[in-house]
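Note that this note's numbering has the sequence shown beginning at 3, numbered continuously upward.
The structure appears below as structure tokens.
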Amino acid sequence: MTHVVAIVNQKGGVGKTTTTINLGAQLAKDGYKVLIIDSDPQGNATSGLGLSGNTFEKTTYNLLVSKTPIDKVIQETYIPNLHIIPANPNLAGAEIDLSTMISREFKLKESLIASTHDFILIDCPPALGLLSINALTAADSVLIPVQAEYYALEGLSQLLNIIQIVKQNINKKLEILGVVITMYDKRTSLSEQVLSEIKNHFGDKVFETIIPRNIRLAEAPSFGKAIYDHDKWSKGARAYKQLAKEVIDRVSTK
Ligand SMILES: Nc1ncnc2c1ncn2[C@@H]1O[C@H](COP(=O)(O)OP(=O)(O)O)[C@@H](O)[C@H]1O
Ligand SMILES: [Mg+2]
């Protein structure tokens, strides 16, 4: 059965795309068939895997707006078992094009019915518009990356509110898979403070794995590579490997 995970946070720069790519790559390495859906007009998940969104005729935009069948938009990546539906800046127009459509929140869900993947990871844009709502409607669970910084909790109550509204009204099975703390710097007491604050707030929803601030993770996308193929011994690679384990555990005990 397919498990669909929406990777959501309306803040930019918190590690959504880094988590999508590296979690997806690790799950694929672990033998699962994985599909990443790039649902951000910036197309960072696409370029981070060495592809250029502008070279594809069919992208996430077509899946959502023009009902292009899923097998016509899926592309292979350089990693076996890891596929992607690419995005480019024209996806920004989907927010507008969808807004006047009937059952506009369900477009992604409807298009995923024919999917044969074990995991689908949706990399959301930094906004809680129709792209993110479509992701939450199509998802079985939500993974929320939170950056270990002073304003980390800001905006999270709004996000939880939206998740609750989607769950109550259109997607009853939606659950929070977990909150993952990213860019943690153990040298700063601020990181530690933020960590304990997030744990107070989310309890055991917080993944035990903490993603450290690691330059290798920031470099990898410029080579179009997941962290394992850039520096598999880095702290970042080890952290995402561990996170993948936790994700598999949490999904399989459901
Ligand atoms: N753990 C990390 N350590 C260092 N840099 C990181 C880490 N995670 C992400 N980055 C970098 O921070 C920036 C924002 O991350 P990104 O994953 O693109 O966030 P989002 O998708 O939420 O906007 C990117 O330049 C990325 O390479
Ligand atoms: Mg991103």
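Backbone N, C-alpha and C fix where the C-beta goes; we use that ideal spot for every residue, glycine too.
According to DSSP, simplified to helix, strand and coil, what is residue i?
| i | result |
| --- | --- |
| residue 166 | helix |
| residue 119 | coil |
| residue 242 | helix |
| residue 230 | helix |
| residue 173 | coil |
| residue 26 | helix |
| residue 16 | coil |
| residue 236 | coil |
| residue 47 | helix |
| residue 112 | helix |
| residue 21 | helix |
| residue 247 | helix |
| residue 130 | coil |
| residue 150 | coil |
| residue 285 | Residue 285 is absent from the structure shown; the chain starts at 3 and stops at 256. |
| residue 258 | The shown model of the chain, from 3 to 256, leaves out residue 258, and the question about it has no answer. |
| residue 139 | helix |
Starting from the C-beta of residue i, find all residues in its chain whose C-beta is less than 6 Å away, skip the five residues before and the five after it, and write them out in chain order.
| i | result |
| --- | --- |
| residue 169 | 176 |
| residue 223 | 50 |
| residue 204 | 181 |
| residue 154 | 148 and 196 |
| residue 253 | 5 |
| residue 164 | 130 |
| residue 56 | 90 |
| residue 34 | 120 and 121 |
| residue 239 | 229 and 230 |
| residue 93 | 43, 62 and 63 |
| residue 213 | 184 and 241 |
| residue 79 | 51 and 86 |
Tell me residue i's beta-bridge partners as DSSP assigns them.
| i | result |
| --- | --- |
| residue 180 | 145 |
| residue 8 | 124 and 144 |
| residue 208 | 181 |
| residue 40 | 125 |
| residue 223 | DSSP lists no partner for residue 223. |
| residue 186 | 214 |
Given residue i, which residues of its chain have a CB within under 8 Å of its CB, disregarding the five upstream and five downstream residues?
| i | result |
| --- | --- |
| residue 12 | 128, 129, 130, 134, 157, 160 and 161 |
| residue 14 | 128 |
| residue 194 | 188 |
| residue 60 | 70, 74 and 75 |
| residue 48 | 40, 54, 55, 86, 88, 89 and 90 |
| residue 236 | 216, 218, 219 and 229 |
Between residue i and residue j, how many whole angstroms is the CB-CB distance? I'm expecting something under 8 Å.
| i | j | result |
| --- | --- | --- |
| residue 41 | residue 137 | 6 Å |
| residue 145 | residue 7 | 5 Å |
| residue 215 | residue 233 | Rounded, the Cβ-Cβ distance is 15 Å, inconsistent with contact. |
| residue 228 | residue 76 | No, residue 228 and residue 76 are not in contact; Cβ-Cβ is about 18 Å, not under 8 Å. |
| residue 109 | residue 179 | Not a contact, Cβ separation roughly 22 Å. |
| residue 82 | residue 30 | 7 Å |
| residue 36 | residue 114 | Not quite, the Cβ-Cβ distance comes to about 14 Å (not below 8 Å), so this is no contact. |
| residue 246 | residue 32 | 6 Å |
| residue 226 | residue 52 | 3 Å |
| residue 141 | residue 124 | 7 Å |
In chain order, what residues of the same chain lie with their CB nearer than 7 Å to the CB of residue i, ignoring the 5 residues before and after it?
| i | result |
| --- | --- |
| residue 126 | 8, 9, 10, 18, 41, 42, 133, 134 and 137 |
| residue 201 | 208 |
| residue 244 | 211 |
| residue 172 | 107 and 139 |
| residue 58 | 77 and 88 |
Checking contacts by CB at 8 Å: is residue i closer than that to chain B?
| i | result |
| --- | --- |
| residue 167 | Going by chain labels, chain B is absent from the structure shown, which holds only one protein chain. |
In chain order, each beta strand (DSSP E) run of at least 3 residues that lies wholly inside the region 51-107: Note on the region 51-107: whole beta strand (DSSP E) runs with a minimum of 3 residues are 84-87, in chain order.
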